[in-house]
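*Asks:* All residue numbers for the sequence shown refer to the numbering used here, where the first residue is 1 and numbers rise by one.
My questions will all concern the structure given below.
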Amino acid sequence: MSRYETEEEQIEAFKSWWKKNGTQLLSAILVVVLVFSGWRYWTNTKYVESVNASSTYELLQASYIQ
């Protein structure tokens, strides 16, 4: 036996659920996206810094050897 008699009842139940929980769900998704984006930005920034530091160190070593 189905919980809902008609498709309209199912749609109304979803609309009610969305009205109750939609804002929280969208907020949670936004937080996850922002955290992931921030983490990617931070790791990329650290990678670029390490590549630049490595290049500078290699130049320093090359100039010291000569």
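Using N, Cα and C, we set each Cβ at its ideal position, and we do this for glycine too.
Straight-line CA distance for Trp-42 to Gln-10?
*Replies:* Each residue's Cα considered, the two are about 44 angstroms apart.
*Asks:* Can you tell me whether DSSP reads Arg-40 as helix, strand or coil?
*Replies:* Reduced to three states, the DSSP call for Arg-40 is helix.
*Asks:* From Ile-29 to Trp-39, what distance separates their C-alpha atoms?
*Replies:* Taking the straight line joining both Cα atoms gives about 15 angstroms.
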